[in-house]
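Engineer: Following this message is one structure expressed as structure tokens.
Residue numbers (my numbering): 377 to 810.
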């Protein structure tokens with residue numbers, strides 16, 4: 377991190393640390409200060425900070441005894457059984473340290489320089505103490521830093537005073553409004569994204585989106601966002617957090633990548649009537665945003681399903697099963713399963729025996745066939761082929777004996793063939809298999 381050379385000394389900088397591990401995420405805000413916040417009394421007075429004085433005599437600025445620069449603070453001139461104190465009320469932004477240099481010349485073990493944080497004495501020095509640095513930890517919040525020189529009732533020794541110089545203060549609470557929307561994130565369509573934003577010194581907050589999703593509560597820093605259909609289609613959405621306070625506003629944003637669920641399949645291609653010993657292939661168009669496919673055959677015992685490329689499934693129908701079955705398919709990716717296709721209802725029939733009529737009935741061979749078959753009748757007859765809805769597909773005449781019929785233009789499936797003679801109407805199932 378490089379700090380601008382024109383950044384004011386003591387300016388607080390908001391740094392957000394994002395730590396992510398699997399499904400866990402932690403955000404921590406740090407507020408370091410630019411440079412050192414120092415009271416070195418080089419103004420020649422106590423005007424740099426709001427110093428206060430207590431006791432028999434005020435502290436003074438001197439140039440005769442300093443640690444660095446031209447000036448230092450010296451305890452006030454007092455008599456026996458007296459004290460002099462300088463203090464500073466200070467708002468500490470975060471746990472930090474206060475340090476300073478001090479020098480003492482006093483009656484050893486009787487006259488003291490004492491340093492307090494609030495009303496707790498954290499350090500004291502007596503006798504002849506050369507310039508040296510001391511440092512003390514301080515917690516966040518408002519504190520009073522107190523430097524007190526105190527004398528006993530009898531003897532004075534040395535210079536009978538103390539000096540303080542180059543006080544390095546902790547980071548001061550900055551009342552400047554700030555906002556951090558959070559780290560850029562990723563989520564899946566139809567899955568909420570949890571947001572943990574950070575803002576300081578604000579009154580109200582409001583989330584907004586460039587897409588069509590919704591917030592659980594758009595006025596909270598910690599909330600959740602549910603992507604909309606447009607978000608999933610475009611794949612990325614910007615979320616803005618604006619905070620308001622003191623007639624001002626400040627905005628930050630994050631980018632949310634939205635991964636789509638698998639595309640919904642179209643209609644399944646394949647026969648809806650089959651014989652119970654066939655091997656039949658069913659297929660759909662390949663799906664966008666899909667890693668794998670799941671085919672669902674119910675009941676499962678109706679056949680054995682194998683899919684090699686995902687969008688095609690080969691079913692070996694069970695020989696002893698007949699009745700209606702359903703077939704559906706859906707895609708899968710890292711976001712989960714997509715929607716199921718429309719269900720294809722398939723009639724599994726017992727086709728064995730359809731070419732075994734009574735002796736007096738016409739004989740259709742082979743059946744199933746590829747559209748080329750033979751019909752043998754005891755007399756002339758009118759032949760009609762219809763689909764299962766009753767639509768006529770073929771009309772013709774057959775004569776007594778064996779008649780070769782070429783209907784290879786028929787699609788695979790089940791049909792009804794009717795033979796009408798002068799004394800009989802005969803209908804049978806015609807199965808085309810190619």
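We treat Cβ as the ideally placed atom computed from N, Cα and C, and that holds for glycine.
Nearest to residue 745 by CA position, among 810, 690, 529, 699, is which residue?
Structural biologist: If we check each option's Cα against that of residue 745, 810 comes out closest.
Engineer: I'd like the list of long-range same chain contacts for residue 534, defined as Cβ closer than 7 Å, with 5 residues on each side in sequence excluded.
Structural biologist: So the qualifying residues of the chain are 481, 482, 504.
Engineer: Here's the rule: buried if 16 or more other CB atoms are within 10 angstroms of the residue's CB, otherwise exposed. What is residue 603?
Structural biologist: Buried: at least 16 other Cβ atoms inside 10 Å.
Engineer: Using a threshold of 8 Å, state whether the C-beta atoms of residue 578 and residue 553 are closer than that.
Structural biologist: Against a cut-off of 8 Å, the Cβ pair of residue 553 and residue 578 comes out as a contact.
Engineer: Which same chain residues, not among the five before or five after residue 779, have their C-beta less than 6 Å away from its C-beta?
Structural biologist: Excluding residues within five positions, the ones whose Cβ falls inside 6 Å are 751.
Engineer: I need the straight-line Cα distance from residue 509 to residue 445, nearest angstrom please.
Structural biologist: Spanning the two alpha carbons is a distance of roughly 16 Å.
Engineer: DSSP on residue 428, reduced to helix/strand/coil?
Structural biologist: Correct three-state label for residue 428: strand.
Engineer: Quick one: grab the DSSP three-state call for residue 793.
Structural biologist: Here residue 793 sits in strand by DSSP.
Engineer: Based on the DSSP secondary-structure assignment, which residues constitute the bridge partners of residue 745?
Structural biologist: Bridge partners of residue 745: 808.
Engineer: With distances taken Cα to Cα, identify the nearest neighbour of residue 496 among 521, 757, 556.
Structural biologist: Selected option, being the one with the closest Cα: 521.
Engineer: Among 694, 565, 545, 557, which one has its Cα closest to the Cα of residue 515?
Structural biologist: Ranking the options by Cα distance to residue 515, first place goes to 545.
Engineer: Taking all protein chains shown into account, do 16 or more other C-beta atoms lie within 10 angstroms of the C-beta of residue 430, making it buried, or fewer, making it exposed?
Structural biologist: Looking at its Cβ environment, which holds fewer than 16 other Cβ atoms inside 10 Å, residue 430 is exposed.
Engineer: With 16 other CB atoms within 10 Å as the buried threshold, where does residue 748 fall?
Structural biologist: Exposed, because fewer than 16 other Cβ atoms sit within 10 Å of the Cβ of residue 748.
Engineer: Using CA atoms only, rank isn't needed, just tell me which of 485, 561, 797 is closest to residue 629.
Structural biologist: Closest option to residue 629, Cα to Cα, is 561.
Engineer: Should residue 680 be labelled buried (16 or more other beta-carbon atoms within 10 Å of its own) or exposed?
Structural biologist: Residue 680 is exposed by the Cβ-count criterion.
Engineer: In the DSSP assignment, what residue or residues form a beta bridge with residue 537?
Structural biologist: DSSP, once it has assigned bridges, lists 481 as partnering residue 537.
Engineer: Could you tell me the distance, in whole angstroms, from the CA atom of residue 657 to the CA atom of residue 677?
Structural biologist: Approximately 17 Å between the Cα atoms of the pair.
Engineer: Quick one: grab the DSSP three-state call for residue 607.
Structural biologist: Of the three classes helix, strand and coil, the one that applies to residue 607 here is helix, per DSSP.
Engineer: For the segment 539–592, list the beta strand (DSSP E) runs that are entirely contained and at least 3 residues long, ordered along the chain.
Structural biologist: Runs found: 554–556, 561–564, 569–572, 574–576, 580–585.
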